[in-house]
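Start counting at 1 in the sequence shown, then tack on 3, and there's your number in the numbering used here. Where is the CB? At the ideal position from N, CA and C, for every residue including glycine. What you are looking at is a predicted structure, and each value in this text was computed from that prediction instead of being measured.
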Amino acid sequence: MITGPDNIIQMLEQSGALLKGHFLLTSGLHSANYLQCAMLLRRTDFAAEIGRELAALVKPLAPEVIVSPAMGGLIVGHEVARDLGLPFLFCERQDGAMVLRRFPHPGKVRVVVVEDVVTTGGSVKEVGRHLEKGGAAWVGSAVIVDRSQGKHVLDHELLSLVRADFPVYEAAQCPLCQEALPLVKPGSRDLGKV
4 MITGPDNIIQ MLEQSGALLK GHFLLTSGLH SANYLQCAML LRRTDFAAEI GRELAALVKP
64 LAPEVIVSPA MGGLIVGHEV ARDLGLPFLF CERQDGAMVL RRFPHPGKVR VVVVEDVVTT
124 GGSVKEVGRH LEKGGAAWVG SAVIVDRSQG KHVLDHELLS LVRADFPVYE AAQCPLCQEA
184 LPLVKPGSRD LGKV
C-alpha cells in the first residue's frame, strides 16, 4: 500500500517516469522535468495501487461514472473506476475538442474526471465541461500528480496523490531555451512542430 507522496515519487523514479531535460508540456509551457506516467502505469502492480489510492480520495464525492481525457488518463481512470465498481468512459480530441467519441453521453450522473498529471488543468476542464453540457454533474477531479502549484484552471479543489513543484516557463522566458537545449515534446497531444 502507498503510504504517502514520497512513495509515489519513488515509484515514478523506479519506473523511469520522471524525466529530466527540456520539455514542451501539453499546456504550452516549458520545463526541465517531465512526468511520463505511461512508464509508471505500465507496471500493473503500480497502476492497481495508484487506482486504489485515488479511488479512496474520490469516493466521498459519490461519483457514478469516472471519465478521463485520452491518452494520459486512460489507465489510471480505468483503475479508479474498477476499484469503485463504476463505469469508465474517456474523451478524446475530435476537431481539436475533447468529446465522447466512442460512448453515448451518460446523462444526469455524478462524474469525476481522473487524469495522470495536471499542469494547468486545461484537458481536465474540457472533459468536465463537455460532460456538463450533456447534463452530468462534474463533482470533482483527481490526478496522480498535481504540478499546477495551485494555479490550475479548475473551479474546484484538485485531489492528488502528490504535488510536484517543478518550475515551468513561458517560451520567451525559458532559461533552457536560452541555453539552446533541444526541446522535446514526449506527451500524447500534438502541438505542432517543436
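Cross-strand partners of residue i (DSSP beta bridge)
i: S34; result: F26 and V171
i: I69; result: F91 and V115
i: V156; result: Bridge partners of V156: none, in fact.
i: R166; result: D149
Residue from the options with nearest C-alpha to residue i
i: R55; options: Q152, K154 and A145; result: A145
i: E52; options: C177, M14, K188 and A100; result: M14
i: Y172; options: G19, H25 and N10; result: H25
i: E135; options: H155, K111 and I147; result: K111
i: G200; options: H155, F49, P109 and K154; result: Limits of the chain in this structure are 4 at one end and 197 at the other, which puts residue 200 out of reach.
i: R150; options: N10, A100, S30 and G7; result: S30
i: L179; options: L27, D9, V127 and P8; result: L27
i: R166; options: C177, I147 and H133; result: I147
i: E95; options: V156, L103 and H81; result: L103
Boundaries (first-last residue) of the beta strand (DSSP E) holding residue i
i: D98; result: Looking at the DSSP string, D98 is not in any beta strand (DSSP E), and its letter there is neither H nor E.
i: G124; result: Careful: G124 lies outside any beta strand (DSSP E) and carries neither H nor E.
DSSP-derived helix/strand/coil call for residue i
i: G137; result: coil
i: F49; result: helix
i: G131; result: helix
i: R150; result: coil
i: R105; result: coil
i: V61; result: helix
i: G143; result: strand
i: L179; result: helix
Terminal residues of the alpha helix (DSSP H) in which residue i lies
i: V79; result: L77 to L87
i: L15; result: P8 to S18
i: M42; result: C40 to L44
*asked:* Within 8 Å, do at least three Cβ pairs link the stretch 34–41 to the stretch 113–120?
replied: Touching, per the Cβ criterion.
*asked:* Quick check: the stretch 55–66 against the stretch 125–135, are at least 3 beta-carbon pairs closer than 8 Å?
replied: With the cut-off at 8 Å, the stretch 125–135 and the stretch 55–66 do not touch.
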